[in-house]
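Top to bottom, those sequences are chains A and L. So for the first sequence, the numbering used here puts the first residue at 1; every next one is plus one. So for the second sequence, the numbering used here puts the first residue at 1; every next one is plus one. All residues carry an ideal CB built from backbone N, CA and C; glycine is no exception. Okay, structure first, notes after.
Number of protein chains: 2
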Amino acid sequence: MLRTNPAFLHFMERFTASGRESEAVAIKTFTAGTRLIRQGDTISHVYIIREGITKCYIEEDNGKDYIFEFLGKGEITGDLEGIRKEKCLCNIEAITPVTVYAIPHTLFSWLLLNNTEFNGLMLEELVIRIRQTCIRASYQQLYPVEYALLRLLALEAEQDIVIPKKDMAAYLGITTRSFNRTLKELRAKNILDPQGMNIDLTRKQLEEILRRFEDMK
Amino acid sequence: MLRTNPAFLHFMERFTASGRESEAVAIKTFTAGTRLIRQGDTISHVYIIREGITKCYIEEDNGKDYIFEFLGKGEITGDLEGIRKEKCLCNIEAITPVTVYAIPHTLFSWLLLNNTEFNGLMLEELVIRIRQTCIRASYQQLYPVEYALLRLLALEAEQDIVIPKKDMAAYLGITTRSFNRTLKELRAKNILDPQGMNIDLTRKQLEEILRRFEDMK
DNA sequence: TTAAGAGTGAGACAAATGTCCCGATTTATA
DNA sequence: TATAAATCGGGACATTTGTCTCACTCTTAA
């Protein structure tokens with residue numbers, strides 16, 4: 001849900017500290033609500049998030065949004081477009097103030113080709129992304145919304161972040177109305193029986209979720 | 001829908017023809033219905049499809065299947081597990097007789113590290129896979145089934161292949177009942193050949209249909 | 001302090017999808 | 001060929017999700 005990549009971040013810290021080719025790397029900041037990348041645009045840089053949280057989403061022609069992931073420290077964006085020169089697939093929007101390393105495509109390609117460590121990190125990142133995207137797509141298609149919602153709440157509690165309802169709904173691919181309804185049903189049922197839901201919830205997570213329910217009242 | 005990767009296939013043809021390290025590459029065959037890879041297993045080889053069509057799908061605990069893609073010539077599978085040593089994410093099942101190049105993980109890793117062309121092909125493949133998975137997940141979540149189904153039929157017609165209904169439904173993440181119902185509705189709207197599943201439309205006609213649907217909004 | 005406006009939650013209804021089941025058709029087998 | 005078994009399409013109903021709307025709260029500005 002909120003993905004991070006400490007290894008990538010660490011690499012960039014070392015790389016920028018070591019002068020030389022790293023001069024091309026700029027640091028950019030974005031205020032909350034700004035888009036780092038706009039769907040359909042052609043871009044010339046890859047970003048690696050140094051600080052802050054963004055959402056990665058597609059806007060469909062019918063006006064609906066689908067959020068793929070929330071990206072935090074060390075996550076890379078614009079990489080798909082850096083590898084295959086195509087138009088941007090998703091929007092990347094800052095939901096907190098964000099700082100990034102901006103890497104020009106030329107340097108990005110050079111790193112992929114000449115820096116084994118960077119190349120390996122990139123491969124791993126892509127693999128993780130595919131796995132998570134597949135797991136989520138399947139889960140959301142084949143289980144009732146109630147399950148997916150509960151799982152999302154658990155993740156949110158676990159990572160100790162707060163995501164606006166609108167964004168949660170967009171992440172689940174449902175309307176806020178459905179989101180509210182399901183939330184209400186979960187409350188009414190006193191939720192529990194996580195085992196029946198096939199979700200591993202710790203007592204701590206459950207308590208956190210319940211606490212948040214109270215706040216939502 | 002049916003993905004292929006001619007560049008990968010071509011690489012393998014050249015590679016196996018050139019002796020040397022390629023001795024480790026074996027050719028395996030599978031009859032229709034057999035699984036090349038079983039979800040949850042630990043594997044030691046990566047496969048590149050030389051001939052035939054497979055389906056790549058997750059089986060959820062509730063017994064439902066979700067098909068991600070149909071994979072044909074030149075597509076690679078087991079690569080995620082070759083890059084990060086994890087248990088298999090998906091099942092890969094032959095739906096026609098299939099022949100593959102079986103590459104041991106040791107050689108696969110070696111190629112990634114030492115063969116720039118192979119590394120590049122792998123990166124591109126992963127990028128394409130992410131793009132397609134994202135586009136589809138979003139589309140299927142945010143548009144009515146009718147749209148997704150029609151699009152699927154168009155793809156099927158375009159690629160001139162026949163996919164069993166059960167698999168089509170699993171690809172769309174719906175039941176066969178829903179699939180049949182939607183099909184019937186499309187027919188009632190004179191969108192499809194009333195004969196049944198066999199689509200008798202040219203590419204051009206299908207495009208016209210899609211355009212009309214856009215207008216219907 | 002009040003009034004207009006934005007944002008939010010939920011009721012009522014509509015539409016979409018799943019579940020259960022039966023009868024028709026096809027396939028397999030004696 | 002005849003009969004049993006399996007498969008398939010679709011009707012009827014239940015459940016889920018979306019749409020529209022309104023009432024309520026919370027600002028903000030006069």
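- Task: Output the residue ranges of the beta strand (DSSP E) runs that lie fully inside the stretch 94-141 of chain A and measure 3 residues or longer, sorted by chain position.
- Result: You should have 98-104.
- Identify whether V162 (chain L) lies in helix, strand or coil by the three-state DSSP scheme. Coil at V162 (chain L), not helix or strand.
- Query: Quick one: does D167 (chain A) have its CB under 9 Å from some CB of chain L?
  - Reply: So, not an interface residue.
- Message: Assess contact between the stretch 119-127 of chain A and the stretch 122-131 of chain L, defined as three or more Cβ pairs (one per stretch) separated by less than 8 Å. Is contact present?
- Response: In short, these stretches touch, since the Cβ pair count reaches three.
- Query: What residues in its chain sit with their C-beta under 7 Å from that of V145 (chain A), if we drop five residues either side in the sequence?
  - Reply: For V145 (chain A), where only same-chain residues beyond five positions count, the Cβ hits under 7 Å are L172, I174, S178, T182.
- Query: Can you tell me whether DSSP reads E214 (chain L) as helix, strand or coil?
  - Reply: At E214 (chain L) the pLDDT is 39, less than 50, meaning the model places this residue with poor confidence and gives no usable figure here.
- Considering only residues of the same chain and omitting the five flanking positions on each side of Q140 (chain A), which have a CB-CB separation below 8 Å? If we look at Q140 (chain A) and ignore the five residues flanking it on each side, its Cβ neighbours are A148, L172, G173.
- Whose Cβ in chain L lies nearer than 7 Å to the Cβ of F68 (chain A)? Listed along the chain, the chain L residues whose CB falls inside 7 Å of the CB of F68 (chain A) are C134.
- Message: Going by DSSP in three states, K28 (chain L) sits in which element: helix, strand or coil?
- Response: K28 (chain L) falls in the strand class under three-state DSSP.
- Message: Any beta carbon of chain L sitting closer than 9 Å to that of I103 (chain A)?
- Response: For I103 (chain A), the answer is no, since every Cβ of chain L falls outside 9 Å of its Cβ.
- Query: Taking Cβ-Cβ distances below 8 Å as the criterion, which residues of the stretch 113-129 of chain L are in contact with chain A?
  - Reply: Per Cβ criterion, the list reads L113, T116, N119, M122, L123, E124, L126, V127, I128, R129.
- Tell me, which residues are paired with H45 (chain L) by DSSP? Partner(s): L:P104.
- Task: Please look up how many angstroms separate the CB atoms of L71 (chain L) and R3 (chain L), rounded, as I've assumed it's under 8 Å.
- Result: The beta-carbon separation of L71 (chain L) and R3 (chain L), rounded to 6 Å, stays under the 8 Å limit for a contact.
- Item | Straight-line Cα distance separating T42 (chain A) from K165 (chain L) | Each residue's alpha carbon lies about 39 Å from the other.
- Query: What residues of chain A sit near Y143 (chain L), judged by a beta carbon separation below 8 Å?
  - Reply: Chain A residues near Y143 (chain L): E60, N62.
- Can you give me the Cβ contacts of A32 (chain L) inside the same chain, cut-off strictly under 7 Å, excluding the 5 residues immediately before and after it? Spatial neighbours of A32 (chain L) in its own chain (CB-CB distance under 7 Å, excluding positions within 5 residues in sequence) are listed in chain order as A94, I95, T96, P97.
- Message: Taking 9 Å as the threshold (C-beta atoms), are V46 (chain L) and I128 (chain L) in contact?
- Response: Contact: no.
- Message: Here's the rule: buried if 16 or more other CB atoms are within 10 angstroms of the residue's CB, otherwise exposed. What is S44 (chain A)?
- Response: Under this definition S44 (chain A) is an exposed residue.
- Item | Closest by C-alpha distance to R35 (chain A), when choosing among A:A26, A:I53, A:E23, A:F15 | Out of A:A26, A:I53, A:E23, A:F15, A:I53 has the C-alpha closest to the C-alpha of R35 (chain A).
- Query: Hey, E69 (chain A) and C56 (chain A): beta-carbon distance below 9 Å or not?
  - Reply: Yes, they are a contact pair.
- Give the DSSP-derived three-state secondary structure of K55 (chain A) in the structure shown. In this structure, DSSP gives K55 (chain A) an extended state, which the three-state scheme calls strand.
- Task: Give the interface partners of L80 (chain L) over in chain A, defined as CB-CB distance under 8 Å, in chain order.
- Result: Within chain A, the residues whose beta carbon sits less than 8 Å from that of L80 (chain L) are V127, I130, R131, listed in sequence order.
- Message: Does N180 (chain L) come out as helix, strand or coil in the three-state DSSP assignment?
- Response: Here N180 (chain L) sits in helix by DSSP.
- Item | Beta-carbon neighbours of G40 (chain L), restricted to chain A and to distances below 7 Å | Within 7 Å Cβ-Cβ: nothing; G40 (chain L) doesn't reach chain A, min ~13 Å.
- chain L contact residues for L74 (chain A), given Cβ-Cβ distances below 7 Å: One point to set straight first is that residue 74 (chain A) is Gly, not Leu, in the sequence displayed. Residues of chain L passing the Cβ test: none, with the nearest at roughly 17 Å.
- Query: Near A26 (chain L), what residues of its chain come up, given a Cβ to Cβ distance below 7 Å and the 5 sequence neighbours on each side ignored?
  - Reply: Counting only Cβ-Cβ distances below 7 Å, and skipping sequence neighbours, we find A102.
- Message: So, at 8 Å on beta carbons, what are the nonlocal neighbours of F8 (chain L) in its own chain, with the 5 sequence-adjacent residues on each side left out?
- Response: The residues are I48, G74, E75, I76, L121, E125.
- On a CA-only basis, which of L:A24, L:S18, L:E51 is nearest H105 (chain L)? Give me that one, please. Residue L:A24 holds the alpha-carbon nearest to the alpha-carbon of H105 (chain L) among L:A24, L:S18, L:E51.
- Query: If the cut is a Cβ gap below 7 Å, which residues of chain L does I83 (chain A) touch?
  - Reply: Those are L123, E124, V127, listed as they occur along chain L.
- Message: Give me the residue from L:R151, L:V162, L:A170 with the minimum Cα distance to L186 (chain L).
- Response: When each option's Cα is compared against that of L186 (chain L), the closest is L:R151.
- Task: Taking only the alpha-carbon atoms, compute the straight-line gap between R84 (chain L) and K184 (chain A) and give it to the nearest angstrom.
- Result: Between R84 (chain L) and K184 (chain A), the C-alpha separation is close to 40 Å.
- Message: For the ligand GDP, is there any heavy atom lying closer than 8 Å to the beta carbon of G173 (chain A)?
- Response: The ligand GDP is absent from the structure shown, which contains no ligand whatsoever.
- Item | Backbone secondary structure at D61 (chain A) - three-state DSSP | If DSSP states are grouped into helix, strand and coil, D61 (chain A) belongs with coil.
- Message: Cβ closer than 8 Å: which chain L residues qualify as neighbours of A148 (chain A)?
- Response: Correct list: empty, because the minimum Cβ distance to chain L is about 11 Å.
- Inter-residue Cα distance where the pair is M1 (chain L) and Q132 (chain A): Each residue's Cα considered, the two are about 20 Å apart.
- Message: DSSP three-state label for T175 (chain L), please.
- Response: In the structure shown, T175 (chain L) sits in coil (DSSP, three-state: anything other than H, G, I, E or B).
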